[in-house]
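One structure below.
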Amino acid sequence: MSSQPTLRVYPIAPSGTFLAAKYEAGVQILKSIGCNVDEPMPLRQSSVAYLNGDDAERLGELKNALASDQHEIVWAVRGGYGLSRLLPLLKLPLQKKRPVVAGFSDTSALMLHLWKHEQAKSLHAAGISRLADEPQETLQALVAILQGRAEQVRYPSLLRYGAQKNETIAGVLLAANLCMLTHLVGTESMPNLSGTILILEEVGEAPYRIDRMLTQLWASGSLKDVQAVIVGHLTSSGSIKEAARAEALGVFIRCLTPLGIPVFGQIPVGHESPNWPIPFGVKARIASDEKISCLEILENIF
56 MSSQPTLRVY
66 PIAPSGTFLA
76 AKYEAGVQIL
86 KSIGCNVDEP
96 MPLRQSSVAY
106 LNGDDAERLG
116 ELKNALASDQ
126 HEIVWAVRGG
136 YGLSRLLPLL
146 KLPLQKKRPV
156 VAGFSDTSAL
166 MLHLWKHEQA
176 KSLHAAGISR
186 LADEPQETLQ
196 ALVAILQGRA
206 EQVRYPSLLR
216 YGAQKNETIA
226 GVLLAANLCM
236 LTHLVGTESM
246 PNLSGTILIL
256 EEVGEAPYRI
266 DRMLTQLWAS
276 GSLKDVQAVI
286 VGHLTSSGSI
296 KEAARAEALG
306 VFIRCLTPLG
316 IPVFGQIPVG
326 HESPNWPIPF
336 GVKARIASDE
346 KISCLEILEN
356 IF
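Under this note's numbering, the first residue of the sequence shown is numbered 56, with each subsequent residue one higher.
See the structure below:
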């Protein structure tokens, strides 16, 4: 798979621990699509089992990565939990050009923080330790985005709920884990979502918890003037997965359509494969005709 120009990647693990074999497989994928990856990424020890090192270690790594002028991308190895502990401490000096952050899940909190403070574009995509699980079609889309051809990516058609036929919806595209977005409400990391198209995904949350998070976003005023919500993977940990997905999707429709927010589903983005790469913070639109609706990217992140 050809790619140009060569991009230099600074891998980081500021959230949870990871499997070394999964990480190495992901590094090989990045190399195969033309990226240079700084190695190795250490698996650190922490007194807290779910964190990859203590706060000082992870914060120092994160600051060094985001301050680099030698890298085009700061790519998270995996999500998990931990970035929301660091964001209040993340005081960054003004910088003319900052590396693009890539990752998803817990990493979306960092993307939202940087969008709030710097209008920084990011790449919502599989973490390095998940790249080897991605099919060829998503890797091809990833290459297109890295090469500055995001407008050429053809995403799977969207299901339409509460949107009019032949309607075009435009806005700034943001993608995030619903839980992480909700946890930023009331903090200095929560951006203004007015004028945005939101892609929201979630994993392991019961429908009533999804309802509670969407209600919190609504009650806080965070959903004011959101142009549309596209629902990503709603990954269930239960045994009746398809029924759980349908019930969770119904929560989005029931909570958001009375607010006048068109709901679309389900774009393959989130905690399952395929996890399509999404440019974060770019101009985009949802174009609909009599039969289908499609997400179209109008701007590149590089």
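Virtual Cβ for every residue (Gly too), placed ideally from N, Cα, C.
Since the model is a prediction, treat every value here as computed from it, not as a measurement.
What separation, rounded to the nearest whole angstrom, lies between the Cα atoms of His126 and Pro313? Numbered from its first residue, the sequence shown carries residue 126 at position 71. Numbered from its first residue, the sequence shown carries residue 313 at position 258. Looking at the two C-alpha atoms, the distance is approximately 44 Å.
What would DSSP say about Ser101, mapped onto helix, strand or coil? One-based indexing of the sequence shown puts residue 101 at position 46. Of the three classes helix, strand and coil, the one that applies to Ser101 here is coil, per DSSP.
Short of 8 Å in beta carbon distance, which residues of its chain neighbour Ser275, apart from the five on each side in sequence? Order them along the chain. As a working note, residue 275 is residue 220 in the sequence shown. Taken in chain order, the residues that qualify are Val240 and Gly241.
Can you tell me whether DSSP reads Ser57 as helix, strand or coil? In the sequence shown, counting from the first residue as 1, residue 57 sits at position 2. Because Ser57 sits at a pLDDT of 47, beneath the cut-off of 50, its placement in the model cannot be relied upon, and the point is left open.
DSSP three-state assignment for Glu112, whether helix, strand or coil: If you number the sequence shown from 1, residue 112 lands on position 57. DSSP places Glu112 in helix when its eight states are reduced to three.
Excluding the 5 residues preceding and the 5 following Leu85 in the sequence, name in chain order all residues of the same chain whose CB lies nearer than 8 Å to its CB. Here residue 85 is taken as the residue at index 30 of the sequence shown, counted from 1. Here the set comprises Val64, Val92, Trp130, Ile183 and Leu186.
Kindly indicate the opening and closing residues of the alpha helix (DSSP H) around Ile308. The residue given as residue 308 occupies position 253 in the sequence shown. Looking at the DSSP string, the run of the alpha helix (DSSP H) that includes Ile308 is Lys296 to Leu311.
In the structure shown, what three-state DSSP assignment does Gly287 receive? The residue you call residue 287 lines up with position 232 of the sequence shown. Of the three classes helix, strand and coil, the one that applies to Gly287 here is strand, per DSSP.
Assign Lys86 to one of three DSSP states: helix, strand, or coil. As a first step, residue 86 must be located in the sequence shown, where it is residue number 31. Here Lys86 sits in helix by DSSP.
Beta strand (DSSP E) containing Glu256: first to last residue? Position 201 of the sequence shown holds residue 256. Start and end: Thr251 to Val258.
Which residues in the same chain as His326 place their Cβ atom closer than 6 Å to its Cβ, once the five residues preceding and following it in sequence are excluded? Along the sequence shown, read from residue 1 onward, the residue named residue 326 stands at position 271. Around His326: Val258, His288 and Thr290.
To the nearest angstrom, how far is it from the Cα of Ala338 to the Cα of Glu351? One-based indexing of the sequence shown puts residue 338 at position 283. One-based indexing of the sequence shown puts residue 351 at position 296. It is worth fixing the name first, because residue 338 is Lys in this sequence and not Ala. About 9 Å.
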